[in-house]
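Enquirer:
Numbering (this note's numbering), first residue to last: 16 to 498.
1) Counting only runs of 3+ residues fully inside the region 167 to 250, write out the beta strand (DSSP E) ranges in chain order.
2) Which residue spans inside the region 322 to 374 form an unbroken beta strand (DSSP E) run of at least 3?
3) Would you report the Cα separation of residue 73 and residue 482, rounded to the nearest angstrom?
4) Out of curiosity, what's the CA-to-CA distance linking residue 461 and residue 59?
5) What runs of the beta strand (DSSP E), each 3 residues or longer, lie entirely inside the region 78 to 125?
6) Judging by CA-CA distance, which residue of 267, 244, 226 and 232 is the nearest neighbour of residue 252?
7) Residue 469 to residue 342, Cα distance in whole Å?
8) Go to residue 276, then tell me how far its beta strand (DSSP E) extends in each direction, as first and last residue.
9) In angstroms with no decimal places, state the Cα-to-Cα distance between residue 300 and residue 129.
10) Tell me the DSSP bridge mates of residue 384?
11) Using a 10 Å radius around the Cβ and a threshold of 16 neighbouring Cβ atoms, would you call residue 280 buried or exposed?
12) Taking 7 Å as the cut-off, decide whether the C-beta atoms of residue 316 and residue 275 are in contact.
13) I need the boundaries of the beta strand (DSSP E) containing residue 268, first residue and last residue.
14) Can you tell me the Cα-Cα spacing of residue 201 and residue 433, whole angstroms?
15) Please classify residue 451 as buried or exposed, where buried requires at least 16 other C-beta atoms within 10 Å of its C-beta.
16) Please classify residue 468: does DSSP put it in a helix, a strand, or coil?
17) Within 8 Å, do at least three Cβ pairs link the region 69 to 89 to the region 119 to 135?
18) Is the CB-CB distance between residue 255 and residue 271 below 7 Å?
19) Using DSSP bridges, identify the partner residues of residue 289.
20) Buried or exposed: residue 37, going by 16 or more other Cβ atoms within 10 Å of its Cβ?
21) Taking 7 Å as the threshold (C-beta atoms), are residue 247 and residue 526 in contact?
22) Starting from the Cα of residue 321, find the closest Cα among 195, 224 and 277 and give me that residue.
23) Which first and last residues belong to the alpha helix (DSSP H) in which residue 461 is found?
24) Taking residue 409 as the reference, give the member of 426, 153, 149 and 190 with the closest Cα.
25) Residue 439 by DSSP, collapsed to three states: which one?
26) Got a sec, what are the start and stop residues for the beta strand (DSSP E) residue 55 sits in?
27) Taking the beta carbon of residue 365 as the centre, do at least 16 other beta carbons fall within 10 Å, making it buried, or is it exposed?
28) Check residue 62 in the structure and name its three-state DSSP category.
29) Do you know offhand how far residue 521's Cα is from residue 88's?
30) So who's on the other strand from residue 127, going by DSSP bridges?
31) Taking all protein chains shown into account, do 16 or more other C-beta atoms lie within 10 angstroms of the C-beta of residue 439, making it buried, or fewer, making it exposed?
32) Could you check which residue in 339, 475, 476 and 455 has the C-alpha nearest to that of residue 45?
33) Give me the Cα-Cα distance between residue 70 and residue 414, rounded to the nearest whole angstrom.
34) Between which two residues does the beta strand (DSSP E) harbouring residue 455 extend?
35) Measure the C-alpha to C-alpha separation of residue 387 and residue 393 and round it to an integer number of angstroms.
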C-alpha cells in the first residue's frame, strides 16, 4: 500500500509521525554517563556529577546519542542490520517480525547531538554551558490491532472486517535546539569523609517541529485496503509543521515555538579522597571515594508552538471513507482538510486551536556508584519516566542498568547491562580513549546474535584538562593531563 495512504490511519491511531523514527532516535548513554570523566556526556543524566570532578575544565567538541526501542516489531537475528545500514542496503520485508500478543504496545526514540560546550570546575563551585540539537518521539498504550496495521499496512487481510474498539492511547514528538547553562556548588564537605554537591541546568529551547495525538475512543472497521469505516472517534491531534501550501520545502529548522527547561541534581560521596583528583601518578593509584549516590530530575519543561500550528479535535465523530487507494496528499494542509471533510463535511471544521504545548521527556533518576579499587567501579542506575501531562508529553522510556567499568584518566572501558522497561535485558559496551568516546547500550543490534527491537549508538569528541596550561607545560610526564 502507498505510504501516503497510511497517514490517514496513522492520525487516528495517534502515530502520525511514527515514520520519522528511522531518522530520530537517542537516550541515556548508560555506558559512559556515570563515568567520573563523563563531563558533558553525563550532565544530561545528573548535572551535579561534574561538581568536584577530577578535571579543571572540559571542552566538548561534538557528541551524540541515537536510541530507539519498542516492544512490538523487531528485525530478525542474523539480518546484518549494521552492515546493511552502512552500505545503504534495504532490509527485506521478510526479515521483520512482530510480537503479536495482547498487551498494548510502546515505542520510544530520541536523538541528542551536543555541540560546542564547556565545563569549568572551581574549589567550591562549577559552571558550564552547552548547545544541543535534540529530538524525541514516543507512542504509548497503542492497541495491538493498531500496531499491526501500522506495521503491515491497511491491506493486512486477517484484520479486515473486524470491529475494533481501542483503549486510550497517545503519541508525541518534537525537534528542538537547546542552549543551556549549568551551575553547581559544593553544599557540604568533611575532608576525606563526606561530600555533597548540587547543580541546576537552565535551558532555553527553540522548537522546530512538534506533534501530539491523544485519543480516548477509536471504534473502527477496515473492510478492505481502500475503505476505512470509523464508527466513533473522540480525541485530538496537533502539529507544528510546514503546511506545504506555499510549495516550499518542509523547512525543518524553522523556529515555530519557544520554551524552557530545567535539570536538577544532587550527588553524595562517601569518603571522597581530596587528593585523588590531582594530576600526578600518585593520584592515579588512589580510590576517589567509597561510593557515590546521585538523584536527579531531568528534562522538566515544555515548548509552546505558536507558528504554523494547528490542533484538530473530534468528539464522537464517524465517517465512511472510500477510495483510499487513489488518495494523494501533497501537504499536511491537504491531509488535515481531507480528514476534516470526511468527519465534518467541512475542510476547516476540525481545527480547534492554533497553539499547542509539548512537554519534554521528563524523568526521575537514581545512580549508585561503588568504587572497588582505584580503577574498578560497579554502578546501578534507574531512570523512571514521569510525564508531566497525560496528553501533551513525550514519554521517556524507563530503564534500569547494572554496569562495571575500568577507568583511568586516559582510557576507560564499561560493560552495561540495561533492562528496557525493567524487563528486557540488553548488553552494551563503551570505550573512552584520550579525546574519543564510542559505545552502545544495545550490542546485540550490531552483532545480529539476537532479534533486534531497537538500537543505540553514542560517540563523543572532547578534552578534559586536570591542570592549568602553565602547569601542564612544566609536567610533560603527567599520567594523562589531557583526556
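Here a beta-carbon is modelled for each residue, glycine too, at the ideal position from N, C-alpha and C.
Expert: This is what the structure holds:
1) Correct list: 179 to 181, 184 to 205 and 209 to 239.
2) The DSSP assignment places 324 to 337, 366 to 368 and 371 to 374 as complete runs of the beta strand (DSSP E) inside the region 322 to 374, in order along the chain (cut-off: 3 residues).
3) Whole-angstrom Cα-Cα distance: 11 Å.
4) Rounded to the nearest angstrom, the two C-alpha atoms are 25 Å apart.
5) Counting only runs of 3 or more, we get 88 to 90 and 111 to 113.
6) The shortest Cα separation from residue 252 among 267, 244, 226 and 232 belongs to 226.
7) C-alpha separation (whole angstroms): 32 Å.
8) Segment 272 to 285, the beta strand (DSSP E) holding residue 276.
9) Going by the C-alpha atoms only, they are around 32 Å apart.
10) DSSP lists 307 and 394 as partners of residue 384.
11) Taking every protein chain shown into account, the CB of residue 280 has 16 or more other CB atoms within 10 angstroms, so this residue is buried.
12) Yes, they are a contact pair.
13) Per DSSP, residue 268 belongs to no beta strand (DSSP E) and is neither H nor E.
14) Annotation: residue 201 to residue 433 spans about 31 Å, alpha carbon to alpha carbon.
15) That one is exposed.
16) Note: residue 468 maps to coil in three-state DSSP.
17) Three or more Cβ pairs drawn from the region 119 to 135 and the region 69 to 89 lie within less than 8 Å of each other, which places the two stretches in contact.
18) Taking 7 Å as the Cβ cut-off, residue 255 and residue 271 qualify as a contacting pair.
19) Partner(s): none; residue 289 has no beta bridge.
20) In this predicted model, residue 37 has a pLDDT of only 34, less than 50, meaning its place in the structure is not dependable enough to derive any value.
21) Here the chain covers residues 16 to 498 and nothing more, so residue 526 does not appear.
22) Nearest C-alpha to residue 321 among 195, 224 and 277: 224.
23) 458 to 462 is the extent of the alpha helix (DSSP H) around residue 461.
24) Measuring C-alpha to C-alpha distances from residue 409 to each of 426, 153, 149 and 190 identifies 153 as the nearest.
25) Three-state DSSP puts residue 439 in a strand.
26) Premise fails: residue 55 lies in the alpha helix (DSSP H), 55 to 58, not in any beta strand (DSSP E).
27) Buried, by the Cβ-count rule.
28) When secondary structure is reduced to three states using DSSP, residue 62 falls in the helix class.
29) Residue 521 cannot be examined here, being either before or after the span of the chain that is shown, 16 to 498.
30) By DSSP's assignment, residue 127 forms a beta bridge with 80 and 149.
31) By the 10 Å Cβ count, residue 439 comes out exposed.
32) Nearest neighbour of residue 45 by Cα position, chosen from 339, 475, 476 and 455, turns out to be 455.
33) When rounded, the distance between both Cα atoms is 29 Å.
34) Counting along the chain, the beta strand (DSSP E) containing residue 455 begins and ends at 451 to 455.
35) The straight-line gap from Cα to Cα measures roughly 7 Å.
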